[in-house]
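Residue numbering for the sequence shown follows our numbering, beginning at 15 and increasing consecutively. Beta carbons: idealized from backbone N, C-alpha and C, even for Gly. The structure appears below as structure tokens.
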Amino acid sequence: MRMVVLALVVLLVPATAPAQQGAADIGARLMQDGSITAALDAARADEARTIAEQVEICEVEAPPFKESKRGELYARKFRELGLQNVRIDKVGNVLGERPGTARRPHLVLAAHLDTVFPEGTNVKTTQEGTVIRGPGIGDDCRGLAVVLAVIRALKAGNVQTPGTITFVGNVGEEGLGDLRGVKYLFNEGLKGQVDRFVSIDGTGLGITHISVGSLRYRVTFKGPGGHSYGAFGLVNPIHALGRAMAAIGDFQVPNEPKTTFNVGRVGGGTSVNSIPFEAWMEVDMRSADQASLTSLDAKFHRAVDDAVAAENARWNSRALTADKQVVGNRPAGRAAATSPIVQAAASVTRALGFPVTMDEGSTDANYPQSLGIPAITIDGGGRGRSAHALDESFDTTNSWQGTQRALLLAIALAQP
Ligand SMILES: [Zn+2]
Numbered sequence: 015m016r017m018v019v020l021a022l023v024v025l026l027v028p029a030t031a032p033a034q035q036g037a038a039d040i041g042a043r044l045m046q047d048g049s050i051t052a053a054l055d056a057a058r059a060d061e062a063r064t065i066a067e068q069v070e071i072c073e074v075e076a077p078p079f080k081e082s083k084r085g086e087l088y089a090r091k092f093r094e095l096g097l098q099n100v101r102i103d104k105v106g107n108v109l110g111e112r113p114g115t116a117r118r119p120h121l122v123l124a125a126h127l128d129t130v131f132p133e134g135t136n137v138k139t140t141q142e143g144t145v146i147r148g149p150g151i152g153d154d155c156r157g158l159a160v161v162l163a164v165i166r167a168l169k170a171g172n173v174q175t176p177g178t179i180t181f182v183g184n185v186g187e188e189g190l191g192d193l194r195g196v197k198y199l200f201n202e203g204l205k206g207q208v209d210r211f212v213s214i215d216g217t218g219l220g221i222t223h224i225s226v227g228s229l230r231y232r233v234t235f236k237g238p239g240g241h242s243y244g245a246f247g248l249v250n251p252i253h254a255l256g257r258a259m260a261a262i263g264d265f266q267v268p269n270e271p272k273t274t275f276n277v278g279r280v281g282g283g284t285s286v287n288s289i290p291f292e293a294w295m296e297v298d299m300r301s302a303d304q305a306s307l308t309s310l311d312a313k314f315h316r317a318v319d320d321a322v323a324a325e326n327a328r329w330n331s332r333a334l335t336a337d338k339q340v341v342g343n344r345p346a347g348r349a350a351a352t353s354p355i356v357q358a359a360a361s362v363t364r365a366l367g368f369p370v371t372m373d374e375g376s377t378d379a380n381y382p383q384s385l386g387i388p389a390i391t392i393d394g395g396g397r398g399r400s401a402h403a404l405d406e407s408f409d410t411t412n413s414w415q416g417t418q419r420a421l422l423l424a425i426a427l428a429q430p
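Next up, the structure:
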């Protein structure tokens, strides 16, 4: 009987994603290797350079959908560090490889190039004591700099990993970028080739293993429009919008898993004495649980469709329509606390003597997790404030801890 069970287990493990062995104590085991401790020492000793590079990268702007200038700088740095097959793919992701003794397991270590700031934003940084200020300095110039520091430290310690690591600066993490960089990687560029994925995004030392999914819509109601007195009796897109919003406002959602909804922006109409021909709203829905998000999405569609039907019925018309455009779709996902990738992250953090903190968030790891690929996001060290604001800051105190942790995790996940 036991044999049968074992055989089934073997059959159920996908051949392309070998599970990590002994992940729970891998950190301590790796730290007995002299080349690895040499790499860790180099990472700490080199932190000033990592911070300087964080500033240098940050002073090259990378607005949404326009990451290419920063991408070219990043590709140059990959080449200078001796990565192989350095390339910029069709959507603007920058990739470079450090071959292991084998092709698999194949780890992707990434940070995102894009910021939330529009073109023309002043990206010059300032420094006061240990605090650096500048838009994007933490999110995600820190991650980009730590990726480079990991490559440099591996080289300094002459670390030979069994598996291969592909380092990536990816586009499109923020907002309407809608994870287009990682979606391209997993659907086309590296489809079927990635066993583990880690994004370095955020500051501190947290491990984000639960991915909050989100769905975003821009809904546009349309009607013929006309004079508010002369054409009275026409369907009214703003009235329909109001009906839909009232229904959305009454949605009941679970507390656990936390599931949320929000109408964040509305607009439309031309004047107080005109029946509008158009009205729109932007809606955001989130959950860490894909089933809850899917059920909320169904309620949202019903609310809009019912509002259209009610407004048309009110004026015995068929002239009112609504168009629901998806402007964001991040699937929910998770790497279980007991999964090898999370265990490995906790283990290396502990082995270095740092506190283990588990988080949830919405990051590039959402996408691979939704495909069943082991994926997490780790913080890059230091302390960040005011992410997504122009006065964003990064405190470099003990930021080397983030660099060391990323390094040891990269080595751990490049083991069979
Ligand atoms: Zn970010």
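State the start and end residues of the unbroken alpha helix (DSSP H) segment that holds V249.
Stepping through the sequence shown from its first residue, residue 249 is reached at position 235. Note, V249: premise wrong, no alpha helix (DSSP H); not H, not E.
Sequence-distant residues of its chain with Cβ nearer than 6 Å to A234 (five each side left out)
Residue mapping note: residue 234 aligns to position 220 of the sequence shown, counting from 1. The sequence shown places Thr at residue 234, rather than the Ala named in the question. If we look at T234 and ignore the five residues flanking it on each side, its Cβ neighbours are W294 and D337.
Quick one: what does DSSP say M45 is sitting in, helix, strand or coil?
Residue numbering aside, residue 45 sits at position 31 when the sequence shown is read from its first letter. M45 falls in the coil class under three-state DSSP.
Tell me K236's beta-bridge partners as DSSP assigns them.
As a first step, residue 236 is located in the sequence shown; it is residue number 222 there, counting from the start. Note: K236 sits in a beta bridge opposite E292 and T335.
Assign H241 to buried or exposed, taking buried as 16 or more other Cβ atoms, counted over all protein chains shown, within 10 Å of its Cβ.
On the sequence shown, position 227 is the one that residue 241 refers to. So H241 ends up on the exposed side.
Considering just the uninterrupted stretch of the alpha helix (DSSP H) at L162, what are its terminal residues?
The residue labelled residue 162 in the question sits at position 148 within the sequence shown. First-last of the alpha helix (DSSP H) with L162: C155 to A170.
Starting from the N-terminal side, write out each stretch of the alpha helix (DSSP H) that is 4 residues or longer and does not extend beyond the region 80–128.
Runs found: 82–94.
Helix, strand or coil for Q304 per DSSP?
Locating residue 304 in the sequence shown gives position 290, counting from the first residue. Looking at Q304 - three-state DSSP - the assignment turns out to be helix.
Starting from I387 and walking both ways along the alpha helix (DSSP H), at which residues does that stretch end?
As a first step, residue 387 must be located in the sequence shown, where it is residue number 373. Run containing I387: none; DSSP gives neither H nor E here.
Along the chain, where does the alpha helix (DSSP H) containing T451 start, and where does it finish?
With the chain covering 15 to 430 only, the question about residue 451 has no answer from this structure.
Going by DSSP, name the residue or residues bridged to H434.
As shown, the chain starts at 15 and ends at 430. That puts residue 434 outside it, with no answer to give.
Give the DSSP-derived three-state secondary structure of D311 in the structure shown.
For the purposes of this step, residue 311 is taken as residue 297 along the sequence shown, with counting starting at 1. Here D311 sits in helix by DSSP.
Would you check whether ligand 1 has a heavy atom nearer than 7 Å to the C-beta of H223?
Position 209 of the sequence shown, counted from the first residue, corresponds to residue 223. Checking every heavy atom of ligand 1 against the Cβ of H223, none is found closer than 7 Å.
Could you tell me which of L199, N343 and R43 sits nearest to S301, measuring between CA atoms?
Against the sequence shown, residue 301 aligns to sequence position 287. Checked all of L199, N343 and R43; the closest Cα to S301 is N343.
Those residues, in chain order, that have a beta-carbon closer than 5 Å to some heavy atom of ligand 1
Checking every Cβ against the heavy atoms of ligand 1 under 5 Å gives D153, D154 and D215.
Quick one: what does DSSP say G256 is sitting in, helix, strand or coil?
Numbered from its first residue, the sequence shown carries residue 256 at position 242. The three-state secondary structure of G256, taken from DSSP, is helix.
Is it true that the region 137–147 meets the region 84–99, where meeting means three or more beta-carbon pairs spaced less than 8 Å apart?
no
By the DSSP assignment, the alpha helix (DSSP H) with V212 in it spans what residues?
Position 198 of the sequence shown, counted from the start, is the residue given in the question as residue 212. Careful: V212 lies outside any alpha helix (DSSP H), inside the beta strand (DSSP E) at R210 to I214.
Span separating the alpha-carbon of R118 from that of G263:
Here residue 118 refers to the residue found at position 104 when the sequence shown is read from its first residue. Here residue 263 refers to the residue found at position 249 when the sequence shown is read from its first residue. If you take the alpha carbons of R118 and G263, they lie about 49 Å apart.
Taking the alpha carbon of G134 as the point to measure from, which residue in H126, G278 and P149 has its own alpha carbon closest?
Here residue 134 refers to the residue found at position 120 when the sequence shown is read from its first residue. That would be P149, whose Cα lies nearest to the Cα of G134.
Pick helix, strand or coil for Q141, following the three-state DSSP scheme.
Within the sequence shown, residue 141 is the residue found at index 127, counting from 1. Reduced to three states, the DSSP call for Q141 is strand.
Rounded to whole angstroms, what is the Cα-Cα separation between L54 and K272?
Numbered from its first residue, the sequence shown carries residue 54 at position 40. Numbered from its first residue, the sequence shown carries residue 272 at position 258. The straight-line gap from Cα to Cα measures roughly 38 Å.
If you reduce the DSSP assignment to three classes, tell me which class N136 lands in.
Residue numbering aside, residue 136 sits at position 122 when the sequence shown is read from its first letter. N136 falls in the coil class under three-state DSSP.
Give me the residue from D60, M45 and C72 with the minimum Cα distance to L473.
Outside the shown range of the chain, which is 15 to 430, sits residue 473, and nothing can be said about it.
Among V69, Y88, V196 and G183, which residue has its Cα nearest to the Cα of T139?
The residue given as residue 139 occupies position 125 in the sequence shown. Out of V69, Y88, V196 and G183, V69 has the C-alpha closest to the C-alpha of T139.
Below 8 Å, can you find three or more Cβ-Cβ pairs linking the region 217–227 to the region 351–366?
Counting Cβ pairs under 8 Å, three or more are found: they touch.
For H120, the nearest candidate out of V182, S49, R93 and S384 (CA to CA):
Here the question's residue 120 lines up with position 106 in the sequence shown. The option with the nearest alpha carbon to H120 is V182.
Quick check on C72 - is its C-beta less than 8 Å from some C-beta in chain B?
In the structure shown, chain B cannot be found, because there is only a single protein chain.
Reference N380, options S288, F211, V173 and S400, closest by Cα
What you label residue 380 is simply residue 366 of the sequence shown in a count that begins at 1. Here the closest residue by C-alpha is F211.
For G283, which residues from the same chain have a beta carbon less than 7 Å from its beta carbon, with the 5 sequence-adjacent residues on both sides left out?
The residue labelled residue 283 in the question sits at position 269 within the sequence shown. Taken in chain order, the residues that qualify are I252, P290 and A293.
Please check the pair L109 and D103, which I expect to be a contact at CB under 8 Å, by giving their CB distance rounded to whole angstroms.
Sequence index remark: in the sequence shown, residue 109 carries index 95 (1-based). Sequence index remark: in the sequence shown, residue 103 carries index 89 (1-based). At roughly 7 Å, the Cβ-Cβ gap stays under 8 Å, so L109 and D103 are in contact.
Cβ neighbours of A245 in the same chain (closer than 7 Å, five flanking residues each side left out):
For this step, residue 245 is matched to residue 231 along the sequence shown. So the list reads I289, once near-sequence residues are dropped.
Sorted by chain position, which residues of the same chain lie with C-beta nearer than 6 Å to W414's C-beta, five sequence neighbours on each side aside?
Reading the sequence shown from its first residue, position 400 is the one you call residue 414. If we look at W414 and ignore the five residues flanking it on each side, its Cβ neighbours are R58 and E61.
Sequence-distant residues of the same chain with beta carbon closer than 6 Å to S2, five excluded per side
Past the edges of the chain, shown from 15 to 430, lies residue 2, and the structure says nothing about it.
CA-to-CA distance, M299 to A323, given in whole angstroms:
Locating residue 323 in the sequence shown gives position 309, counting from the first residue. Locating residue 299 in the sequence shown gives position 285, counting from the first residue. The alpha-carbon atoms of A323 and M299 are separated by roughly 23 Å.
Which residue from C155, I50, V130 and A163 puts its Cα closest to that of L95?
Residue numbering aside, residue 95 sits at position 81 when the sequence shown is read from its first letter. The shortest Cα separation from L95 among C155, I50, V130 and A163 belongs to A163.
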